[in-house]
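Residue numbers (my numbering): 252 to 547.
The beta carbon of each residue, even a glycine, is placed where N, CA and C say it ideally should be.
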């Protein structure tokens, strides 16, 4: 199988790494956390070493734009050590500026660039059921498609870079709006005296107009009083800030995105950056003076 390097072994990267191994890829792994590297090495990967990057496909799963820049750019960065004709696949959620800068740096080096952020949460990364949004040339996407298919169930080619990043941020915008709206709806339902479990069953019904991925995926955690630490409030607020950059660039401001940004900002201030993203539901719950947790 094509030699592959994966940089970033957090809650998303570790799951993707194991799926690459399960699909038979010769995998080299790299992370600042030695324990994360050791865990993947125990599963059959090889730890990265300094020097030239020989792998045909390099995949990044990093937290934010500044991490991608630090790893990839500069005289000693990853790109400076990659072979012309190889492919760099950025699975991280960055901003449009970083996606464009990475694409330009790849072109200068003769490296194929795939702007390929993912959605589907940590469980999707572990199960290999992610959705990948790609901004790339046909040639670049073809070079990385086997690796992308190993970690996902759906691949959308949305155009040239930075179409993948724009699409990822805008789908996250919908996600955060849905979480905010769901917490309001649950809080109001309980104020009306509706049984929370019965109401949850209604909105989690795929035939209900209120159904969304959030209702299907996150609502069980809300009922179980689980804030889902696999995706932190810090990452939510970071993504909402990047969505704000898109609004500034395009000259269009979403009132709903602004409301979600305010709600998640309040949750970050109250609960701290490392708290799970569903802690945001506690803001509406407290304001309504009720509980949206299942008594059962």
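Whole-Å CB distance - residue i paired with residue j, under 8 Å assumed
{"i": "residue 524", "j": "residue 484", "result": "6 Å"}
{"i": "residue 425", "j": "residue 451", "result": "At roughly 20 Å, the Cβ-Cβ gap does not stay under 8 Å, so residue 425 and residue 451 are not in contact."}
{"i": "residue 299", "j": "residue 254", "result": "Between residue 254 and residue 299 the Cβ distance is about 12 Å, and since that is not below 8 Å, they are no contact."}
{"i": "residue 319", "j": "residue 353", "result": "7 Å"}
{"i": "residue 409", "j": "residue 494", "result": "That belief does not hold up - the Cβ atoms of residue 409 and residue 494 are roughly 17 Å apart, past 8 Å."}
{"i": "residue 329", "j": "residue 304", "result": "6 Å"}
{"i": "residue 533", "j": "residue 448", "result": "Wrong, their Cβ atoms sit about 19 Å apart, outside the cutoff."}
Collapsed DSSP secondary structure at residue i in the structure displayed
{"i": "residue 340", "result": "strand"}
{"i": "residue 503", "result": "coil"}
{"i": "residue 256", "result": "strand"}
{"i": "residue 408", "result": "strand"}
{"i": "residue 349", "result": "helix"}
{"i": "residue 313", "result": "coil"}
{"i": "residue 434", "result": "helix"}
{"i": "residue 543", "result": "coil"}
{"i": "residue 384", "result": "strand"}
{"i": "residue 271", "result": "helix"}
{"i": "residue 324", "result": "coil"}
{"i": "residue 487", "result": "helix"}
{"i": "residue 454", "result": "helix"}
{"i": "residue 265", "result": "helix"}
{"i": "residue 364", "result": "strand"}
{"i": "residue 495", "result": "helix"}
{"i": "residue 329", "result": "helix"}
{"i": "residue 445", "result": "coil"}
{"i": "residue 302", "result": "coil"}
{"i": "residue 415", "result": "helix"}
{"i": "residue 281", "result": "strand"}
{"i": "residue 295", "result": "coil"}
{"i": "residue 379", "result": "coil"}
{"i": "residue 516", "result": "helix"}
Beta-carbon proximity list for residue i, same chain, < 8 Å, skipping 5 on both sides
{"i": "residue 325", "result": "331"}
{"i": "residue 302", "result": "332"}
{"i": "residue 541", "result": "438, 441, 442"}
{"i": "residue 498", "result": "504, 505, 508"}
{"i": "residue 351", "result": "412, 413"}
{"i": "residue 496", "result": "346, 347, 348"}
{"i": "residue 388", "result": "363, 411"}
{"i": "residue 385", "result": "365, 366, 367, 392, 399, 406, 407, 408, 409, 414, 415"}
{"i": "residue 373", "result": "262, 263, 266, 481, 482"}
{"i": "residue 537", "result": "none"}
Same chain, Cβ closer than 7 Å to residue i, neighbours up to 5 away in sequence not counted
{"i": "residue 371", "result": "380, 381, 382"}
{"i": "residue 516", "result": "488"}
{"i": "residue 465", "result": "426, 429, 430, 433"}
{"i": "residue 268", "result": "257, 260, 278, 280, 291, 296"}
{"i": "residue 397", "result": "253"}
{"i": "residue 522", "result": "484, 530"}
{"i": "residue 418", "result": "384, 409"}
{"i": "residue 390", "result": "363"}
{"i": "residue 565", "result": "Residue 565 lies beyond the range of the chain shown here (252 to 547); nothing can be said about it."}
{"i": "residue 500", "result": "347"}
Own chain residues within Cβ distance below 6 Å of residue i, not counting five before or after
{"i": "residue 335", "result": "361"}
{"i": "residue 539", "result": "438, 442"}
{"i": "residue 454", "result": "461, 466"}
{"i": "residue 519", "result": "484, 488"}
{"i": "residue 286", "result": "none"}
{"i": "residue 313", "result": "259, 319, 343"}
{"i": "residue 316", "result": "345, 346, 349"}
{"i": "residue 590", "result": "This structure does not reach residue 590, given that the chain is present from 252 up to 547, and the question cannot be answered."}
Cβ-Cβ distance between residue i and residue j below 7 Å
{"i": "residue 338", "j": "residue 363", "result": "yes"}
{"i": "residue 395", "j": "residue 309", "result": "no"}
{"i": "residue 412", "j": "residue 456", "result": "no"}
{"i": "residue 311", "j": "residue 259", "result": "yes"}
{"i": "residue 431", "j": "residue 530", "result": "no"}
{"i": "residue 478", "j": "residue 526", "result": "yes"}
{"i": "residue 368", "j": "residue 422", "result": "no"}
{"i": "residue 463", "j": "residue 262", "result": "no"}
{"i": "residue 476", "j": "residue 544", "result": "yes"}
{"i": "residue 535", "j": "residue 435", "result": "yes"}
Report task. Determine, using beta-carbon pairs with one atom in the stretch 288-295 and one in the stretch 397-412, whether at least three such pairs fall under 8 Å. Result -> no
Requested in this report: Please determine if the stretch 487-499 and the stretch 441-448 are in contact, where contact requires at least 3 C-beta pairs separated by less than 8 Å.
Outcome: no
Query raised in the report: Looking at C-beta atoms only, is the number of pairs between the stretch 334-348 and the stretch 274-287 that lie closer than 8 Å three or more?
Result: no
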